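Novice: Numbering (this note's numbering), first residue to last: 669 to 788.
Following this message is one structure expressed as C-alpha cells.
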C-alpha cells in the first residue's frame with residue numbers, strides 16, 4: 669500500500685522470480701539476484717543509502733519485499749500519468765527485470781500471466 673502497487677502484482681512478481689529468503693543467484697554479468705524478489709545487486713548502493721544492506725534484503729522477507737516494491741514503484745513512477753497505456757505500464761513492469769526490449773517483454777508477459785492466474 670505504501671507504494672500504491674497492487675499486492676497481487678507483487679505476488680505475481682514473486683511467483684515469476686521464484687526467489688527465497690537467504691537465496692542469492694549469480695548472474696553471467698557478475699551481478700547477484702537477492703532474496704524473494706531477486707533484487708539485483710546493482711541496486712545495493714542505493715539500497716544502502718536508504719538504510720538497507722545485502723544481509724537485510726537477503727535474509728528478511730519483509731525488507732526484500734519493501735525494497736523490491738520500491739524499485740518497481742520507481743519504474744512505474746517514471747510513466748507520464750497523463751498518457752499511461754497498457755503497453756507503457758507493462759514495459760515499466762518489465763524494467764524491473766531488464767531494459768533490454770526482448771528480455772523486458774518476455775518478463776512482462778510472464779508477470780502478466782502469473783497475475784492473471786491469481787485473479788489480478
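All C-beta atoms, glycine included, are put in the ideal place defined by N, C-alpha and C.
Note that the structure is predicted; figures quoted are calculated from it, not measured.
Rounded to whole angstroms, what's the CA-CA distance from residue 783 to residue 690? Just pull it up for me.
Specialist: The alpha-carbon atoms of residue 783 and residue 690 are separated by roughly 25 Å.
Novice: Would you say residue 705 and residue 733 are within 8 Å of each other, going by their C-beta atoms?
Specialist: Their beta carbons are under 8 Å apart, which means residue 705 touches residue 733 by this criterion.
Novice: So, using beta-carbon positions, are residue 702 and residue 692 closer together than 8 Å?
Specialist: Taking 8 Å as the Cβ cut-off, residue 702 and residue 692 qualify as a contacting pair.
Novice: Going straight from the alpha carbon of residue 754 to that of residue 736, what length do you get?
Specialist: Their Cα atoms are separated by approximately 22 Å.
Novice: Is the region 773-782 close to the region 756-763, with three or more CB pairs under 8 Å?
Specialist: Short answer: they touch.
Novice: Rounding to the nearest angstrom, what Cα-Cα distance links residue 670 and residue 738 in this structure?
Specialist: If you take the alpha carbons of residue 670 and residue 738, they lie about 9 Å apart.
Novice: Quick check on the burial criterion: 16 or more other C-beta atoms within 10 angstroms. Buried or exposed for residue 771?
Specialist: Residue 771 should be labelled exposed.
Novice: According to DSSP, is residue 737 helix, strand or coil?
Specialist: In the structure shown, residue 737 sits in a helix (DSSP, three-state: H, G or I).
Novice: Which ranges would you report for the beta strand (DSSP E) in the region 690-728 if only whole runs of at least 3 residues count?
Specialist: Within the region 690-728, the complete beta strand (DSSP E) runs of at least 3 residues are 692-694, 700-702.
Novice: Could you have a look at residue 680 and say whether DSSP puts it in helix, strand or coil?
Specialist: Three-state DSSP puts residue 680 in a helix.
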